[in-house]
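S.K.: Protein chains in written order, with the numbering used here: chain Z, 12 to 382; chain X, 26 to 315. Questions regarding the structure given below will be posed in turn.
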């Protein structure tokens, strides 16, 4: 118990009145620094170098696991990842009539090929998407459409799954917080999804969602007569993202629920007694007392869930393979598959910045860090 | 009149219990399916339609098999993995809780310059994807010459320490300052105030954070895979499972993976059962008066 002697020595730590204000503040500051020391030492020892290295490498063309010379290339990696360009596509006219050509097979109007329009210098742009606006056709090109798509996928995944987890987690925490017989067992059962090893859980769900009746869901839906032919949940398109969100919600709702439950547990009961006496109904009590008091617990739960969701890797990697990327699984592909360590580091930094923005806005929105 | 109230409360009780059952089914069904799959042979796994209990492919009679479990235990990797996981996750959690609660005391209850930067610095530790920091981390570990188990314990700080610090800071902050001031008037040292007042009153948060951090460390895969590559004896359970080659099945030993996954979940459930009392026991009513 080194800490005990350490802290115990500062008797009268919040100094009595006869001492000056500055003296009091200085004592408190010294104590705070000593308390923070272990955490700061760990950061310095373990995290400082790797994090600094990621920032530095993101400005180089370093190749992973090779002796090749590394060059400093400034913002080139970021430019490669984030360049997006919108161009108008001219209609292709029939030389005889002057009318726009129509594809005889699909019946759709023909426009220029995006590849002919999009810039090639300094980096080649590829098509990300097309859209119509005011009767004109536009194309969105990006130098790395896979990454832009990965960002979109990850943001949609994060927003929807974290929101559902919050609502479900709150509901489950409220139910488990009330008194009933098997409350203890319920708390243990509640943690099971979180306890299943992540990589295994992804494999397990992949099995349950198998595109034939080997899979639990297709067998069940077939038995219930809901489907005519098996659904390929994880094939590109429609159900991919929804399936992953469902898996993530199942796995991490316990995390949310447990943190919120802890928040409910430390609430002083007398506030509710007072509200009861004042005649406030249960619903009113929930919105006027419970929710505001839960804010700090909800804020940290949201921050850490969002942080994990933005870095989601296992389920995308295991369940979707290389067909659809999340930011982190694209990062993995660039590092391990392409050995492009500079670019991968830049992706890491972009994820870092995104997470930072989310964390700060949660804290602002929920007003939890106000003195 | 009295009877109506009785019916109303009966309906309420039934609705409540239905809700509990619904939540339990939702949370436990996929795990049930893992256990179900672990009791099937390879041919039973590939039956269409999938069966809710292991059945004989021909007669459709109930016929579970323990061969997957036998294979898991025959593979010495798994038991050694359990021991390694226990050591690593316990040490990680202890370290993260001690360092985290100290830091949280400062960040949640004391006024000092640089409070906010410190808070964000600690969070920043965990904002990169794991893959990205791996090479740098590996360089640090090699430079310090740490053994595989110690490397895992320290590197897991990257995701456990920010978590324990932030959660505990939020919870400490909720406790009224009046409590600390009265302790101080009674002549308590900061450490006594911390141990006797802050920690007991936030026990639910402490236990919850500890459990969540323990499980996160228990399940970590990528760091463990990297750091045990030169020392296979230090492999934790997730890595050991990934190295299953399939004693029974010819392809990927899915049944064995499910058997191992079901087995490693049990100690965690027991752990929660042991500690869950503390999740509720934190507040003796009326201890905190705002």
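Note that CB positions come from ideal geometry on N, CA and C, so glycine has one too. Keep in mind the model is a prediction, meaning the values are calculated, not measured.
Give the single residue among X:125, X:72, X:92 and X:35 whose Cα lies nearest to the Cα of residue 46 (chain Z).
M.R.: For this step, residue 46 (chain Z) is matched to residue 35 along the first chain. The residue with the shortest Cα to Cα distance from residue 46 (chain Z) is X:125.
S.K.: In this structure, what does DSSP give as the bridge partners for residue 149 (chain Z)?
M.R.: As a working mapping, residue 149 (chain Z) is identified with position 138 in the first chain. Looking at the DSSP assignment, residue 149 (chain Z) forms a beta bridge with Z:99 and Z:142.
S.K.: For a cutoff of 9 Å on Cβ pairs, would you count residue 183 (chain X) as touching chain Z?
M.R.: Here the question's residue 183 (chain X) lines up with position 158 in the second chain. Yes - at least one Cβ of chain Z is within 9 Å of the one on residue 183 (chain X).
S.K.: In chain Z, which residues lie with their C-beta within 9 Å of the C-beta of residue 67 (chain X)?
M.R.: Locating residue 67 (chain X) in the second chain gives position 42, where the first residue counts as 1. Residues of chain Z passing the Cβ test: none, with the nearest at roughly 12 Å.
S.K.: For a quick check, are the C-beta atoms of residue 146 (chain X) and residue 197 (chain X) less than 9 Å apart?
M.R.: As a working mapping, residue 146 (chain X) is identified with position 121 in the second chain. As a working mapping, residue 197 (chain X) is identified with position 172 in the second chain. No, Cβ-Cβ distance for residue 146 (chain X) and residue 197 (chain X) is not below 9 Å.
S.K.: For residue 42 (chain X) and residue 183 (chain Z), what's the separation of their Cα atoms in angstroms?
M.R.: Mapped onto the second chain, residue 42 (chain X) falls at position 17. Mapped onto the first chain, residue 183 (chain Z) falls at position 172. Answer to the nearest angstrom: the Cα atoms are 13 Å apart.
S.K.: Assuming residue 152 (chain X) contacts residue 252 (chain X) under a Cβ cut-off of 8 Å, what Cβ separation, rounded to an integer in Å, is found between them?
M.R.: Here residue 152 (chain X) is taken as the residue at index 127 of the second chain, counted from 1. Here residue 252 (chain X) is taken as the residue at index 227 of the second chain, counted from 1. Going by Cβ atoms, the distance from residue 152 (chain X) to residue 252 (chain X) rounds to 21 Å, so no, they are not a contact pair.
S.K.: If we count the other Cβ atoms within 10 Å of its Cβ and call it buried at 16 or more, is residue 109 (chain X) buried or exposed?
M.R.: In the second chain, the residue the question calls residue 109 (chain X) occupies position 84. Residue 109 (chain X) should be labelled buried.
S.K.: Residue 258 (chain X) CB to nearest chain Z CB: under 9 Å?
M.R.: As a first step, residue 258 (chain X) is located in the second chain; it is residue number 233 there, counting from the start. False, the Cβ-Cβ gap to chain Z never drops below 9 Å.
S.K.: Tell me residue 113 (chain Z)'s beta-bridge partners as DSSP assigns them.
M.R.: Here residue 113 (chain Z) refers to the residue found at position 102 when the first chain is read from its first residue. DSSP output for residue 113 (chain Z) lists Z:120 as bridge partner(s).
S.K.: Using a Cβ cut-off of 7 Å, which residues of the region 237 to 254 of chain Z contact any Cβ in chain C, in chain order?
M.R.: The structure shown contains no chain C; its protein chains are Z and X.
S.K.: Let me make sure I understand the geometry here. Which of Z:286, Z:361, Z:38 and Z:342 has the alpha-carbon closest to that of residue 138 (chain X)?
M.R.: Position 113 of the second chain, counted from the start, is the residue given in the question as residue 138 (chain X). Taking only the C-alpha atoms, the option nearest residue 138 (chain X) is Z:38.
S.K.: Does any C-beta atom of chain Z lie closer than 9 Å to the C-beta of residue 100 (chain X)?
M.R.: On the second chain, position 75 is the one that residue 100 (chain X) refers to. Not closer than 9 Å to any Cβ of chain Z, the Cβ of residue 100 (chain X) fails to qualify, so no.
S.K.: Flag residue 60 (chain Z) as yes if its beta-carbon sits less than 9 Å from any beta-carbon of chain X, otherwise no.
M.R.: Within the first chain, numbered from 1, the residue matching residue 60 (chain Z) stands at position 49. Closer than 9 Å to some Cβ of chain X, the Cβ of residue 60 (chain Z) qualifies, so yes.
S.K.: Measuring CA to CA, which of X:37, X:158 and X:211 is closest to residue 61 (chain Z)?
M.R.: Position 50 of the first chain, counted from the first residue, corresponds to residue 61 (chain Z). The shortest C-alpha separation from residue 61 (chain Z) is found at X:158.
S.K.: Interface residues of chain Z around residue 266 (chain X) at Cβ under 9 Å?
M.R.: Along the second chain, read from residue 1 onward, the residue named residue 266 (chain X) stands at position 241. Going along chain Z in sequence order, the residues near residue 266 (chain X) (Cβ under 9 Å) are 208, 210 and 211.
S.K.: With DSSP as the reference, label residue 314 (chain X) as helix, strand or coil.
M.R.: Position 289 of the second chain, counted from the first residue, corresponds to residue 314 (chain X). Caution is warranted here: a pLDDT of 40 is assigned to residue 314 (chain X), below 50, making its placement in the model unreliable, and the coordinate value is therefore given only provisionally. Of the three classes helix, strand and coil, the one that applies to residue 314 (chain X) here is coil, per DSSP.
S.K.: What are the residues that DSSP puts in a beta bridge with residue 74 (chain Z)?
M.R.: Counted from its first residue, the first chain places residue 74 (chain Z) at position 63. In DSSP, residue 74 (chain Z) forms a bridge with Z:351.
S.K.: Return helix, strand or coil for residue 137 (chain Z), following the three-state DSSP convention.
M.R.: As a first step, residue 137 (chain Z) is located in the first chain; it is residue number 126 there, counting from the start. Residue state, collapsed to three classes: strand.
S.K.: For residue 190 (chain X), which residues in chain Z fall below 8 Å Cβ to Cβ?
M.R.: One-based indexing of the second chain puts residue 190 (chain X) at position 165. Chain Z residues near residue 190 (chain X): 50.
S.K.: What distance in whole Å lies between the Cβ atoms of residue 128 (chain X) and residue 190 (chain X), which are believed to be in contact at a cut-off of 8 Å?
M.R.: Within the second chain, the letter at position 165 stands for residue 190 (chain X). Within the second chain, the letter at position 103 stands for residue 128 (chain X). That belief holds up - the Cβ atoms of residue 190 (chain X) and residue 128 (chain X) are roughly 5 Å apart, short of 8 Å.
S.K.: Compute the Euclidean distance between the alpha carbons of residue 121 (chain X) and residue 185 (chain X), then round it to the nearest angstrom.
M.R.: The residue you call residue 121 (chain X) lines up with position 96 of the second chain. The residue you call residue 185 (chain X) lines up with position 160 of the second chain. One C-alpha to the other measures close to 6 Å.
S.K.: Roughly how many angstroms lie between the CA atoms of residue 269 (chain Z) and residue 88 (chain X), to the nearest whole one?
M.R.: Here the question's residue 269 (chain Z) lines up with position 258 in the first chain. Here the question's residue 88 (chain X) lines up with position 63 in the second chain. Near 38 Å, if we compare the C-alpha coordinates of residue 88 (chain X) and residue 269 (chain Z).
S.K.: Measure from the alpha carbon of residue 76 (chain Z) to the alpha carbon of each residue in Z:371, Z:377, Z:351 and Z:285, then state which is nearest.
M.R.: Position 65 of the first chain, counted from the first residue, corresponds to residue 76 (chain Z). Closest option to residue 76 (chain Z), Cα to Cα, is Z:351.
S.K.: Does the CB of residue 342 (chain Z) have a neighbour CB from chain X at under 9 Å?
M.R.: Position 331 of the first chain, counted from the first residue, corresponds to residue 342 (chain Z). Yes, residue 342 (chain Z) lies at the interface with chain X (some Cβ there is under 9 Å from its Cβ).
S.K.: Excluding the 5 residues preceding and the 5 following residue 123 (chain Z) in the sequence, name in chain order all residues of the same chain whose CB lies nearer than 7 Å to its CB.
M.R.: To locate residue 123 (chain Z), count along the first chain from 1; it is residue 112. Counting only Cβ-Cβ distances below 7 Å, and skipping sequence neighbours, we find 100, 101 and 103.
S.K.: Quick one: list the residues of chain X neighbouring residue 39 (chain Z), beta-carbon separation under 7 Å, in chain order.
M.R.: On the first chain, position 28 is the one that residue 39 (chain Z) refers to. Going along chain X in sequence order, the residues near residue 39 (chain Z) (Cβ under 7 Å) are 135, 136 and 137.
S.K.: Quick check on residue 274 (chain X): does DSSP put it in helix, strand or coil?
M.R.: Position 249 of the second chain holds residue 274 (chain X). Residue confidence is low: residue 274 (chain X) scores 48 on pLDDT, short of 50, so the model does not pin down where it sits. Its coordinate-derived value is still stated next. Residue state, collapsed to three classes: coil.
S.K.: Quick check: the region 195 to 210 of chain Z against the region 251 to 263 of chain Z, are there 3 or more CB pairs under 8 Å?
M.R.: Short answer: they touch.
S.K.: So, with DSSP's three-state summary, where would you put residue 228 (chain Z)?
M.R.: Translated into positions along the first chain, residue 228 (chain Z) becomes position 217. Helix, per DSSP.
S.K.: Over what stretch of residues does the alpha helix (DSSP H) that includes residue 240 (chain Z) continue unbroken?
M.R.: Translated into positions along the first chain, residue 240 (chain Z) becomes position 229. Run containing residue 240 (chain Z): none; DSSP gives neither H nor E here.
S.K.: Would you say residue 112 (chain X) faces chain Z, with C-beta separation under 9 Å as the test?
M.R.: Numbered from its first residue, the second chain carries residue 112 (chain X) at position 87. Not one chain Z Cβ lies under 9 Å of residue 112 (chain X).
S.K.: Judging by CA-CA distance, which residue of Z:267, Z:322, Z:372 and Z:344 is the nearest neighbour of residue 177 (chain Z)?
M.R.: Residue numbering aside, residue 177 (chain Z) sits at position 166 when the first chain is read from its first letter. Among Z:267, Z:322, Z:372 and Z:344, the Cα nearest to that of residue 177 (chain Z) is on Z:267.
S.K.: Within 10 angstroms of its Cβ, does residue 376 (chain Z) collect 16 or more other Cβ (buried), or is it exposed?
M.R.: As a working note, residue 376 (chain Z) is residue 365 in the first chain. It is exposed - the Cβ of residue 376 (chain Z) has fewer than 16 other Cβ atoms within 10 Å.
S.K.: Let me know the alpha helix (DSSP H) ranges lying completely inside the region 261 to 293 of chain Z, each 4 residues or longer, listed in chain order.
M.R.: Runs of the alpha helix (DSSP H) inside the region 261 to 293 of chain Z: 280 to 288.
S.K.: By a C-beta neighbour count over all protein chains shown, 10 Å radius and 16 as the cutoff for buried, is residue 364 (chain Z) buried or exposed?
M.R.: Taking the first residue of the first chain as position 1, residue 364 (chain Z) is located at position 353. That one is exposed.
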